[in-house]
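Asker: In the numbering used here, the protein residues as written are 2 to 246.
Where a beta carbon is used, it is the ideal one built from N, C-alpha and C, also for glycine.
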Ligand SMILES: NC(=O)c1ccc[n+]([C@@H]2O[C@H](COP(=O)([O-])OP(=O)(O)OC[C@H]3O[C@@H](n4cnc5c(N)ncnc54)[C@H](O)[C@@H]3O)[C@@H](O)[C@H]2O)c1
């Protein structure tokens, strides 16, 4: 363990598995205290046990529920002190063509992937201010930079996250709070199918493979740390070169 994140307190939504869990492991390895907020209770508790209760706490959190956000932030403060960082990482995807896409399925993706980010930033703001400033990292996607067929709600929400990040960065800068978005390409997690991870799109990108969760963690930790002290309102793409084509 090193002390790069000594004194840091970071809440990660959707941190029970996938990329969020890797960010939690990376932060704890560098001295941070991490709160995992997720709807997956068993996975969240198991990860908290793996990382140890001095460094990690699981709290139940559905990112679409403002009261659950307030409770999660309060529990984080009680356990470890005011937040110095927030990673809005929770996300879902729904696939299918527009002509058969149910309104309820579209709204659900917007609710989790877009409204959840708004509620997270709103709930964390007072705590980040109490900490004297901090950093928010909103996880968007390459689907927030370009568009793909068959995932309309996801594209809409991820573009919105990119814009919301810039609006929040401007509002929060006077409080010493930076806000940036991260845009992964195809990454090996439960969210992406095996066929997407080895499909034509991936095979034809400059780095012809799916990314690993740890390859996103490096960027998230950079943006949470003081090393990125002059970066705010910006988008950081990590995609094997996919959108450069
Ligand atoms: N995997 C990829 O290829 C890829 C690419 C670009 C962006 N992303 C984004 O990265 C983020 C992490 O995704 P991942 O690939 O690790 O997928 P994942 O499915 O492994 O993780 C997503 C996490 O979000 C949680 N979650 C879902 N709905 C929630 C809710 N309502 N409240 C709280 N938590 C909820 C899940 O329980 C899960 O732990 C997502 O925002 C996703 O859109 C993923």
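For residue 62, is the beta carbon positioned less than 8 Å from some heavy atom of ligand 1?
Answerer: Indeed, a heavy atom of ligand 1 lies less than 8 Å from the Cβ.
Asker: Rounded to whole angstroms, what's the CA-CA distance from residue 93 to residue 162? Just pull it up for me.
Answerer: C-alpha separation (whole angstroms): 14 Å.
Asker: Locate the alpha helix (DSSP H) running through residue 61, then write down its first and last residues.
Answerer: Taken as a continuous stretch (DSSP letters only), residue 61 belongs to no alpha helix (DSSP H), being part of the beta strand (DSSP E) at 57–61.
Asker: Could you tell me which residues DSSP puts in a beta bridge with residue 10?
Answerer: Residue 10 pairs with 34.
Asker: Relative to the alpha-carbon of residue 80, which residue among 11, 181, 100 has its alpha-carbon at the smallest distance?
Answerer: That would be 11, whose Cα lies nearest to the Cα of residue 80.
Asker: Please report the Cβ distance between residue 143 and residue 243, rounded to the nearest whole angstrom; I am assuming they are in contact, meaning their Cβ atoms lie under 8 Å.
Answerer: About 6 Å; that satisfies the 8 Å criterion.
Asker: Can you name the start and end residues of the alpha helix (DSSP H) that residue 78 belongs to?
Answerer: Unbroken alpha helix (DSSP H) run through residue 78: 67–81.
Asker: For residue 26, count the other beta carbons within 10 Å of its own beta carbon; 16 or more makes it buried, fewer makes it exposed. Which is it?
Answerer: By the neighbour-count rule (16 or more Cβ atoms within 10 Å), residue 26 is buried.
Asker: State yes or no: is the C-beta of residue 145 within less than 9 Å of the C-beta of residue 64?
Answerer: No; because the gap between Cβ atoms is not below 9 Å, this pair is not in contact.
Asker: Within the continuous beta strand (DSSP E) that includes residue 238, where are the two ends?
Answerer: That run of the beta strand (DSSP E) goes 236–239.
Asker: Tell me, please, which residues DSSP counts as bridged to residue 87.
Answerer: Paired residue(s): 12, 137.
Asker: Put residue 183 into one of helix, strand or coil per three-state DSSP.
Answerer: Residue 183: strand per DSSP, three-state reduction.
Asker: Residue 39 bridges to which residues according to DSSP?
Answerer: Answer is 61, bridged to residue 39.
Asker: Taking residue 87 as the reference, which of 112, 110, 16, 32 has the closest Cα?
Answerer: It is 16.
Asker: Mark residue 3 as exposed unless 16 or more other C-beta atoms lie within 10 angstroms of its C-beta, in which case mark it buried.
Answerer: That one is exposed.
Asker: Hey, out of 229, 73, 176, 55, whose CA is closest to residue 29's CA?
Answerer: It is 55 whose Cα lies nearest to the Cα of residue 29.
Asker: Would residue 136 pass as a contact of residue 235 if the rule is Cβ separation under 9 Å?
Answerer: No, the pair does not count as a contact, with Cβ atoms beyond the cut-off.
Asker: Can at least three beta-carbon pairs, one atom from the region 205–221 and one from the region 166–178, be found at a separation below 8 Å?
Answerer: The answer is no - the region 166–178 does not touch the region 205–221, with fewer than three Cβ pairs under 8 Å.
Asker: Pick helix, strand or coil for residue 53, following the three-state DSSP scheme.
Answerer: Here residue 53 sits in coil by DSSP.
Asker: Considering only C-alpha positions, which residue in the set 141, 160, 188 is nearest to residue 203?
Answerer: Cα-wise, what sits closest to residue 203 is 188.
Asker: Please classify residue 37 as buried or exposed, where buried requires at least 16 neighbouring CB atoms within 10 angstroms.
Answerer: Residue 37 comes out buried.
Asker: Helix, strand or coil for residue 188, going by three-state DSSP, please let me know.
Answerer: In the structure shown, residue 188 sits in a strand (DSSP, three-state: E or B).
Asker: Using the three-state DSSP reduction, which class does residue 242 fall into: helix, strand or coil?
Answerer: Here residue 242 sits in coil by DSSP.
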